[in-house]
Amino acid sequence: MKGDYVRRSVPQKALDFVTFPLRAVMPFRAGERERWGLTSRASERLEYAAGETVGYTLDIGCGPKNRLVNEYLGGNGFGIDVFDYDGSLGPDQVFEDLTSFPFRDASFDSATLVATLHHIPRSQRDAELKEVYRVIRPGGNVVLTQALPLAEILIHKITRVHARLFGKHYDIDLLREMHEEEEDHVTDEEIVERLARAGFRDIEKKPFLTQWGVNRAFVGWKR
C-alpha cells in the first residue's frame, strides 16, 4: 500500500524538469513539499524511493516526521534515525548505534536509505548495510538514493553559506552533532561495492529524470 499523497501530474513533472537548475539551489525548508509551485528536491527523493519499495519498509535515517513512511507509504513501514530533529519520533525510533538493529531477521520487505549513506560514518557503513540485509526478507530489496558527488558537495556548501548569512538552517544535519567520519558525498563505485559486500544482488542505478539524472536510486535485491 502506497501513501495517500497526491502523485505529481505529468505537467508538474514537466515543470519540475524544466526548472531543475533553479530548484537545485532553492533553500527549501525541512518537510516543505513545494514552493512557488515547484516540488522540493527532498519530496522528489521520497517519491522516487517509495516507488521502488515492495512492501513493509524500514526507512533508515527517516528524518523529521518520518515522512517517507507516513506520507508516501501510507504508514506501511517503520522509520528510524540517530536523532529526533523536531520531537516527532518515538523513543523506539531513535538509536545512537545503527550497526545493530533491534529487529528480527527478515522483518521487512524493503529498506530505504534516502540521502543517508554519506552520513553514516565510513567505518560503520559495511556493518550497517549487513544489518539492512539481515532484516530484509528473501525477495525484498534495498533502495538507496544518492546524488552525484559534485552535486552533493555543492548543495552542502550552498546550504551552509545560506545558514551563516541568514541564520536559517535548511540543512537539518546542522542541528545535531555530526560524526567526524561523515562525508558530503559517496561515489557510485563505493555504493555498489558496499551493497554487494552486504549480500545484495542485481544492483541497478536508476536516475531521477526530473532531476536530470543528478540524483539516483541504487536498488539491490536479496535473493
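Using UniProt numbering, you'd call the opening residue of the sequence shown number 1 and step up by one each time.
Glycine included, each C-beta is placed from N, C-alpha and C at the ideal position.
Given the structure is predicted, the values throughout are model-derived calculations rather than measurements.
Alpha carbon to alpha carbon, how far is residue j from residue i? Give it in angstroms, no decimals.
i: F103; j: V135; result: 7 angstroms
i: R7; j: S40; result: 13 angstroms
i: A196; j: D126; result: 10 angstroms
i: W221; j: F200; result: 5 angstroms
i: K130; j: S100; result: 9 angstroms
i: V18; j: E47; result: 18 angstroms
i: K205; j: Q146; result: 10 angstroms
i: G55; j: G74; result: 11 angstroms
i: F78; j: I120; result: 19 angstroms
i: V94; j: S107; result: 18 angstroms
Could you check which residue in the options has the C-alpha nearest to that of residue i?
i: N70; options: F28, S43 and L129; result: S43
i: V143; options: S88, F218, A115 and P91; result: F218
i: D184; options: Q211, R216 and A115; result: A115
i: E189; options: Y72, L148, L89 and A14; result: L148
Consider the Cβ of residue i: report whether some Cβ of chain B lies at a distance smaller than 7 angstroms.
i: R197; result: In the structure shown, chain B cannot be found, because there is only a single protein chain.
How far does the alpha helix (DSSP H) with residue i in it extend, from its first residue to its last?
i: A42; result: R41 to E52
i: E193; result: D188 to A198
i: L22; result: F20 to V25
i: V219; result: No alpha helix (DSSP H) contains V219, which is instead part of the beta strand (DSSP E) from N215 to W221.
Any idea what DSSP makes of residue i, helix, strand or coil?
i: D86; result: coil
i: R122; result: helix
i: H16; result: Looking at the sequence itself, residue 16 is Asp, so the reference to His does not match. D16: helix per DSSP, three-state reduction.
Just confirm the distance between the C-beta atoms of residue i and residue j, as a whole number of angstroms; I'd bet it's less than 8 angstroms.
i: D97; j: P64; result: Their Cβ separation, rounded to whole angstroms, is 21 angstroms, which puts D97 and P64 out of contact at 8 angstroms.
i: E182; j: H118; result: 7 angstroms
i: D109; j: G140; result: 5 angstroms
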